[in-house]
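Note sheet for the following structure.
What follows is the structure, encoded as structure tokens:
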């Protein structure tokens, strides 16, 4: 892992830990958590993240992220109609979409 990515990830995790604990996100606390995890940070990262977290409510960001993620759709199976003929044309019109999704699923990166 690239050192910059490692520094950023360590600071993000430290900020999440502090926020979850209800503690203020400060450069000193980010550094302390990173050191406890065995990660040595470049000096400017904790200060940078602490400044960024001053204007952001981390709990609200987490809540917005979790509510913004799309949920998995429930199945889409074709239900059997009691009259038999009325639902058949609608089902035939919707069939090409699943076939396209199946074709995309068959894509193999190494072929």
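Residue numbers (the numbering used here): -5 to 105. Even glycine gets a Cβ: it sits at the ideal position worked out from N, Cα and C.
Exposure of residue i, with buried meaning 16 or more beta-carbon neighbours within 10 Å
i: residue 24; result: buried
i: residue 38; result: exposed
i: residue 21; result: buried
i: residue 44; result: buried
Chain-order list of residues whose beta-carbon lies under 7 Å from that of residue i (same chain, five-residue window excluded)
i: residue 13; result: 19, 52, 53
Residue i - DSSP class collapsed to helix/strand/coil
i: residue 25; result: helix
i: residue -5; result: coil
i: residue 57; result: helix
Contacting residues, own chain, Cβ-Cβ under 6 Å from residue i (five flanking each side not counted)
i: residue 28; result: 4, 8, 35
i: residue 33; result: 4
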